[in-house]
Amino acid sequence: MPPKIKVMKYALVIADSQDQESFDRGLPYEKFLLGSQNASAPLDLQSHGVTVKPNTCVARIEPVHIHAARDHLVLTSTEILDIQASEADALFESVKDIFAEMSDITHRSKPHKWFIESSALQTLSTVSTAQAESRNIDHWMPSDTSQEGVARQWRKWQNEIQMIWFNHPVNEARQAEGMLSINSVWISGNGTLNDIKPNERLLDAKHWHSSDGCLNLLASHLNKPHATSLNELSLAGTISLLSASDPELSTIWQKANEALINHQIKEIELIDFPEGQERSRTITIEQLPKKGFALWKKPVVGSLQDMLRS
């Protein structure tokens, strides 16, 4: 059998869209990068210079602020908390016995991001703060999968931490200065490096392009060529992961269309996630809009928004 000939293709993944919200656990682009387990924590910990064994379960623990709305609780964006190292040290010291129950090994490489190694939490279903923040947390709290009681145990630990931090001197000082208190913790990304199952399109691509932090960590882990700019990359064999709000998106879309028109690539694969579901369309030069008259019509750059609406 002759070898399979790979088409010169450029793939563009639109990671998110503000008008496309899903209640599926795990952001669609996280699953695209990491698989259904969304085991981002071991990758994250590894990026801080810690050697992580392939079968070691790691969970990310973030100190957070949860506030009460009229009839539910809401997770505040972690980016506005500005937790100082001295604050993180004092808060952790007050709950270190609880963390000792969770795990024998805790890593605190950043004030706002802690990690624990714990096989007992491997079956817990979690979502990132990026998905849960500014929303009713009831739906996004950790839940059991194959083993019952793990989520209940986590909530017990979480409640104990919340009680200790309620009137902690760190929070009294923060509130006196008009800052939000650090009144809870959020767990996410738990799993092992072996749990990571990237989408086949990523594995097939020669080059990865994105400024996304998770993709950068994954590229380093898999030794995949990765760039934050397309300027020095050939589009053929490249996959880009971009936010719908990325200011460079329209420029990159035009560049891809021009490469198609100039026969530098044979097709564009456009991937997005309407209502949380992966959708893929293949665009060839024949599908581009044309301008001119009769036989003199030439393909021109198509509208990305029209493609996304189709």
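Numbering-wise (full-length UniProt numbering), the sequence shown opens with residue 1 and increments by one.
Where is the CB? At the ideal position from N, CA and C, for every residue including glycine.
Rounded distance between the beta-carbons of residue j and residue i, thought under 8 angstroms
i	j	result
V95	I187	The Cβ separation is near 14 angstroms, so there is no contact.
S118	S103	4 angstroms
F115	V58	6 angstroms
L121	W154	7 angstroms
P63	I182	5 angstroms
L215	L33	6 angstroms
T123	S146	5 angstroms
In DSSP terms, what residue i is bridged to
i	result
Y10	I268
T106	I116
R309	None, per the DSSP bridge assignment.
V127	Per DSSP, none; premise fails for V127.
V58	E117 and G191
H226	W208
L235	L235 is not bridged to any residue.
W165	BP columns for W165 are empty, so no partner.
R281	L270
L33	Note: L33 sits in no beta bridge, so no partner.
Residue i in three-state terms, based on DSSP
i	result
N262	coil
K156	helix
I66	strand
L81	coil
I196	coil
K53	coil
residue 328	It is not possible to answer for residue 328, since the shown part of the chain is limited to 1 through 310.
R174	helix
P299	strand
L241	strand
T251	helix
L27	coil
I98	helix
S40	helix
S86	helix
P2	Low confidence applies here, because P2 scores a pLDDT of 43, under 50, leaving its location unreliable; read the following figure in that light. P2 falls in the coil class under three-state DSSP.
L180	coil
L202	helix
Neighbourhood of residue i by C-beta, 6 angstroms cutoff - its chain only, sequence neighbours within 5 removed
i	result
A236	M8 and I265
D212	L241
L217	L43 and S47
D16	S243 and A244
S184	V64, I66 and Q162
Contact set for residue i: own chain, Cβ-Cβ below 7 angstroms, skip 5 residues either direction
i	result
D89	none
S143	S125 and A151
S77	E133 and S134
L23	The question names Leu, but residue 23 in the sequence shown is Phe. Only H139 meet the Cβ criterion.
V52	P42, L45, Q46, V58 and L193
Beta-carbon contacts of residue i that lie in its chain and below 8 angstroms, excluding the five residues immediately before and after
i	result
S310	R281
E87	P111, V170, R174 and I182
Neighbour flag for residue i against chain C, beta carbons, 9 angstroms
i	result
D204	Structure shown: chain C not included; a single protein chain is present.
Taking contact to mean at least 3 C-beta pairs separated by less than 8 angstroms, is the segment 21-40 in contact with the segment 246-258?
no
Check whether the segment 198-210 touches the segment 125-137, taking contact to mean three or more Cβ pairs, one atom from each stretch, closer than 8 angstroms.
Contact fails: fewer than three Cβ-Cβ distances are below 8 angstroms.
Specify whether the segment 265-283 and the segment 8-18 touch according to this definition: at least 3 beta carbon pairs, one from each stretch, less than 8 angstroms apart.
yes
Would the segment 58-69 and the segment 38-47 be scored as touching if the rule is three or more Cβ pairs under 8 angstroms?
The segment 58-69, when compared against the segment 38-47, does touch it at the 8 angstroms Cβ threshold.
The segment 210-229 touching the segment 72-86, judged by at least three CB pairs closer than 8 angstroms:
no
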